[in-house]
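Per my numbering, residue 1 is the first one in the sequence shown, and the count goes up by one each step. Note that CB positions come from ideal geometry on N, CA and C, so glycine has one too. This one's a predicted model, so the numbers in the text were calculated from it and none came from an experiment. Take a look at the structure set out below.
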Amino acid sequence: MGRDTVIGLVGKPSSGKSTTLNALTDANAKVRSFPFTTIDPNKASGYLEVECACSRFGKQELCKPNYGYCRNGTRGVPIILLDVAGLVPNAHLGRGLGNKFLSDLTEADCLIHIVDVSGTTDADGKETRGYDPLQDIEWFQDEIFRWILGNLTEKWPSVVRRHVATKSTTLETLLLQLGGYYANKELVGKALDRMPNLPPLQEWDTEMVEAVVKSFMAVKFPTILALNKMDHPDADKNVSKIMLKFPEMKCVLTSSLTEVFLRKLAALNYIKYELGTEFIDTAEDLPDAGLRPLDEKLAEKIEEIRDLVLYRFGSTGLVNLLQTAAEMMQLVPVYPVRNISTFGGLSGQHVFRDCVLVKKHSPVISVARKIMGDVTIAAIEGVDKKRVGEEDTVDVKKNDILSFRLVPGNH
Ligand SMILES: Nc1nc2c(ncn2[C@@H]2O[C@H](COP(=O)(O)OP(=O)(O)OP(=O)(O)O)[C@@H](O)[C@H]2O)c(=O)[nH]1
Ligand SMILES: [Mg+2]
1 MGRDTVIGLV GKPSSGKSTT LNALTDANAK VRSFPFTTID PNKASGYLEV ECACSRFGKQ
61 ELCKPNYGYC RNGTRGVPII LLDVAGLVPN AHLGRGLGNK FLSDLTEADC LIHIVDVSGT
121 TDADGKETRG YDPLQDIEWF QDEIFRWILG NLTEKWPSVV RRHVATKSTT LETLLLQLGG
181 YYANKELVGK ALDRMPNLPP LQEWDTEMVE AVVKSFMAVK FPTILALNKM DHPDADKNVS
241 KIMLKFPEMK CVLTSSLTEV FLRKLAALNY IKYELGTEFI DTAEDLPDAG LRPLDEKLAE
301 KIEEIRDLVL YRFGSTGLVN LLQTAAEMMQ LVPVYPVRNI STFGGLSGQH VFRDCVLVKK
361 HSPVISVARK IMGDVTIAAI EGVDKKRVGE EDTVDVKKND ILSFRLVPGN H
């Protein structure tokens, strides 16, 4: 059966990984301005916000997801976030926490590289001023590359011997070597497809092995940058530099610390906060909402957050961060329903109880496999009881509401 999408939060120590995890989830990961605060990975459920299918049919009132939430047609679909230990230059040689970080990361489907753009932490996560975060982006990608390459080249001669002796295909041999990174046949195949005219494996030189590892990395660990600590006064110039230097990278500006703070104030009923927006209301703005009054210090702090973060950037960036990651992975929400006329389950009046994220253009049958495993399907129906073929593909608002009828006795 399929598993949930996992996003790895990665970066050097003290860049804000744990703070970002806390900002995106209800987790309570340890946060300190001290390198290597996190040693074992923290895992928590975050929510990818999408426009829910209920809003297409005016059924917002009846929408009650089994997992996650739906607020007025905006649905939070659970997605797993992994906060791993900080990575430092030369970790692949055992520096810092070394390979521990790297092996914790294998189950991730994509990475969010949390970059500290305030320039207040050096490459090892120690406090400084005026550090240039451009460097972090360069050494970070290289570190992951060296790690995978090292694992592969270490045993390369025996890999080649076995490959020749067993008359394996390149795909079979690489799958055996790269399967440890949660890579299946499809994924390794995709990495090879990106390299047309590959010579036979036994003829690969060092450069060729490196190119294959690079291609595998791009498929296995697509990465976006979270330019974090954007609330800091030195952030602006660093952000522009990064965007100029890496125009092809997907970047999202974030202030995880602000998001954690706002969520806390909202939970304590000091403010009303619309997640993902610039709007916060206090007792002064909404006298009848029953919000607690702010003391002078808190009122000042909120004014500062409005000026430095919300009005300048439009939001803290956290909702946008997950959406950008989902876009990069081309994830589409698909709603399996029991009853294709009411969109309900077996009983009760609630609609669209389930939602799974699948890759755009996946065949409909893979959705069934993801949620039900290896069952025999009798028929598949879409909206208006339209018959859908197993190989038809899913897309946003296309074949995304499905009812699977199983062969009796096959549940
Ligand atoms: N100004 C500012 N500080 C932040 C932000 N996000 C995190 N910090 C601070 O950065 C420091 C490190 O944060 P952590 O979340 O513990 O960093 P980490 O990447 O998990 O660190 P390790 O677990 O040691 O690898 C803490 O003092 C945070 O309060 C932000 O958006 N703005
Ligand atoms: Mg941490």
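Run of the alpha helix (DSSP H) containing residue i, from where it starts to where it stops
i      : result
Arg369 : 364–372
Leu321 : 318–328
Lys12  : No alpha helix (DSSP H) holds Lys12; DSSP gives it neither H nor E.
Pro157 : 156–165
Gly189 : 185–193
Lys415 : The question about residue 415 has no answer here: the residues shown for the chain are numbered 1 through 411.
Asp236 : 235–245
Arg263 : 256–267
Val219 : 206–220
Leu298 : 296–305
Leu286 : Looking at the DSSP string, Leu286 is not in any alpha helix (DSSP H), and its letter there is neither H nor E.
Ala23  : 17–24
Residue i Cβ short of 7 Å to ligand 2 heavy atom set
i      : result
Ser33  : no
Ser255 : no
Asp83  : yes
Ala29  : yes
Thr324 : no
Lys237 : no
Lys301 : no
Lys126 : no
Lys17  : yes
Thr38  : yes
Residue of the options minimising C-alpha distance to residue i
i      : options                        : result
Val209 : Glu304, Ala29, Pro89, Ile148   : Ile148
Leu227 : Gly68, Ser15, Ala379, Glu248   : Ser15
Val212 : Ala183, Thr223, Leu244, Leu174 : Leu174
Leu225 : Lys12, Tyr335, Val388, Thr5    : Lys12
Leu178 : Gln202, Val164, Leu198, Ser215 : Ser215
Asn22  : Gln330, Lys264, Lys297, Val356 : Lys264
Gln202 : Tyr182, Val188, Val160         : Val160
Val84  : Lys359, Cys63, Leu9, Pro65     : Leu9
Asp109 : Gln60, Asp4, Leu346            : Asp4
Gln349 : Ser18, Glu61, Cys52            : Glu61
Val383 : Thr128, Pro336, Asp374, His361 : Pro336
Pro200 : Val188, Leu176, Ser168         : Ser168
Val252 : Gly180, Ile305, Met328         : Met328
Ile365 : Asp392, Glu296, Thr121, Gly276 : Asp392
Thr120 : Gly94, Ser55, Pro233           : Pro233
Test: residue i CB closer than 8 Å to a CB of chain B
i      : result
Asn399 : This model lacks chain B altogether, as it is built from one protein chain only.
First through last residue of the beta strand (DSSP E) which encompasses residue i
i      : result
Gly76  : 74–83
Asn228 : 223–228
Leu357 : 356–359
Phe404 : 401–406
Glu381 : 377–382
Leu111 : 110–116
Val332 : 331–336
Leu174 : Leu174 -> not in any beta strand (DSSP E); alpha helix (DSSP H) instead, spanning 170–178.
Leu87  : No beta strand (DSSP E) holds Leu87; DSSP gives it neither H nor E.
Leu201 : Element bounds for Leu201: n/a, residue is neither H nor E.
Leu253 : 251–253
Tyr69  : 69–71
Any non-hydrogen atom of ligand 1 closer than 7 Å to residue i Cβ
i      : result
His232 : yes
Ile114 : yes
Asn464 : Absent from the structure is residue 464, since the part of the chain shown begins at 1 and ends at 411.
Gly11  : yes
Asn228 : yes
Gly86  : yes
Thr206 : no
Thr282 : no
Cβ separation of residue i and residue j, assumed to be a contact under 8 Å, to the nearest whole Å
i      : j      : result
Pro333 : Asp400 : 7 Å
Ser45  : Ile80  : 6 Å
Val394 : Val358 : 6 Å
Val117 : Ala235 : 5 Å
Thr170 : Leu192 : 6 Å
Phe343 : Lys17  : Going by Cβ atoms, the distance from Phe343 to Lys17 rounds to 38 Å, so no, they are not a contact pair.
Glu107 : Tyr47  : Between Tyr47 and Glu107 the Cβ distance is about 19 Å, and since that is not below 8 Å, they are no contact.
Heavy atom of ligand 4 within 7 Å of residue i beta-carbon
i      : result
Pro336 : Ligands present in the displayed structure are limited to ligand 1 and ligand 2, and ligand 4 is not among them.
Beta carbon of residue i nearer than 8 Å to that of residue j
i      : j      : result
Leu82  : Lys43  : yes
Val50  : Arg75  : yes
Ile137 : Leu321 : no
Leu429 : Asn269 : For the chain, the structure presents residues 1 to 411; residue 429 sits outside this window and is missing.
Ala368 : Val407 : no
Pro133 : Asn197 : no
Thr25  : Val31  : no
Glu284 : Gly314 : no
Ala123 : Gln135 : yes
Ile242 : Leu262 : no
Thr316 : Thr254 : yes
Ile144 : Met217 : yes
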